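Data first, discussion second: the structure below is written as structure tokens.
Below is the structure:
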């Protein structure tokens, strides 16, 4: 079935460092999204990307929709302790259909 | 509230029992989605409603799983003859149903089958 390969699986970084994670697929998607999930809560939308090549920022977060439509990355600059959590990439074929999720990247930040 | 609401937040039941999980979408959202998330994994799609009808039920694992949305708002996910492998967090999401509008998730129901 459809699958997104997300890496790295986990990261342990020092506060203030920059973070980068990415997601790849063998299939083409029309929408890429990045969510963050804290323990006991549902995924919270961080950034949505709708156009190949699109680069979008949300505060310290920057994400890009790969030009091939088969990949996306998320960067977090100057990490802080509240960035701790699990980050998921997700992708859609159609704008209103189901999301396919990556396996998640667990981020830990050392103060 | 303004977000997607799911009840109960936790459900513990015995193998073989029947369970119902409820989702209240964001007001005015016509599209509603159910996902299942196992420990350490990303959410996996189960079913998608546009209004009252199931537009895509390809993710339902077998005929023990069924979902309804009779009035196009609240949805109920029903699981018959529960098995231990059904233990997971069941997430609901909603969107406006229009192109370019993302899905927003509730906090899920944690289902444990003993």
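Protein chains in written order, with our numbering: chain Z, 25 to 135; chain B, 120 to 233.
Using N, Cα and C, we set each Cβ at its ideal position, and we do this for glycine too.
Note that the structure is predicted; figures quoted are calculated from it, not measured.
Looking at C-alpha atoms only, which residue of the options is the closest neighbour of residue i?
i                      : options                       : result
residue 95 of chain Z  : Z:106, Z:132 and Z:125        : Z:125
residue 189 of chain B : B:172, B:227 and B:179        : B:172
residue 125 of chain B : B:206, B:194, B:174 and B:156 : B:194
residue 136 of chain Z : Z:107, Z:35 and Z:50          : Absent from the model: residue 136 of chain Z. The displayed extent of chain Z is 25 to 135, so no value can be given.
residue 73 of chain Z  : Z:93, Z:63 and Z:109          : Z:93
residue 215 of chain B : B:233, B:157, B:228 and B:146 : B:146
residue 228 of chain B : B:176, B:204 and B:196        : B:196
residue 128 of chain Z : Z:54, Z:38, Z:97 and Z:89     : Z:97
residue 177 of chain B : B:192, B:149, B:153 and B:231 : B:153
residue 148 of chain B : B:233, B:217 and B:230        : B:217
residue 51 of chain Z  : Z:135, Z:44, Z:70 and Z:28    : Z:28
residue 82 of chain Z  : Z:114, Z:131, Z:69 and Z:91   : Z:69
residue 157 of chain B : B:200, B:165 and B:222        : B:165
State the Cα-Cα distance for the pair residue i and residue j, rounded to the nearest angstrom.
i                      : j                      : result
residue 42 of chain Z  : residue 123 of chain Z : 27 Å
residue 132 of chain B : residue 167 of chain B : 26 Å
residue 123 of chain B : residue 226 of chain B : 8 Å
residue 59 of chain Z  : residue 144 of chain B : 18 Å
residue 139 of chain B : residue 182 of chain B : 15 Å
residue 207 of chain B : residue 112 of chain Z : 18 Å
residue 179 of chain B : residue 40 of chain Z  : 43 Å
residue 169 of chain B : residue 100 of chain Z : 35 Å
residue 251 of chain B : residue 155 of chain B : This structure leaves residue 251 of chain B out entirely; chain B is present only between 120 and 233.
residue 120 of chain Z : residue 49 of chain Z  : 20 Å
residue 142 of chain B : residue 185 of chain B : 14 Å
residue 57 of chain Z  : residue 79 of chain Z  : 12 Å
residue 33 of chain Z  : residue 161 of chain B : 12 Å
residue 239 of chain B : residue 205 of chain B : Given that chain B is displayed from residue 120 to residue 233, the structure contains no residue 239 of chain B and the question cannot be resolved.
residue 104 of chain Z : residue 30 of chain Z  : 22 Å
Please name the residue or residues paired with residue i in a DSSP beta bridge.
i                      : result
residue 230 of chain B : B:130 and B:207
Against chain Z: residues of the region 185–208 of chain B by CB proximity under 7 Å:
none
If the cut-off is 8 Å on Cβ atoms, which residues from the region 72–99 of chain Z count as contacting chain B, listed in chain order?
72 and 74
For the region 102–133 of chain Z, enumerate the residues whose C-beta is nearer than 7 Å to any C-beta of chain B, in chain order.
112, 119, 120, 121, 122, 123, 125, 126, 127 and 128
Ordered list of alpha helix (DSSP H) runs contained in the region 37–73 of chain Z, each at least 4 residues:
none
Contact set between the region 165–176 of chain B and chain Z, restricted to residues whose Cβ is under 7 Å from the partner
167 and 175
Just list the alpha helix (DSSP H) runs in the region 76–117 of chain Z, keeping only unbroken ones of 4 residues or longer that don't cross its boundaries, in chain order.
none
Taking Cβ-Cβ distances below 9 Å as the criterion, which residues of the region 47–76 of chain Z are in contact with chain B?
55, 57, 59, 61, 64, 65, 66, 67, 68, 69, 72 and 74
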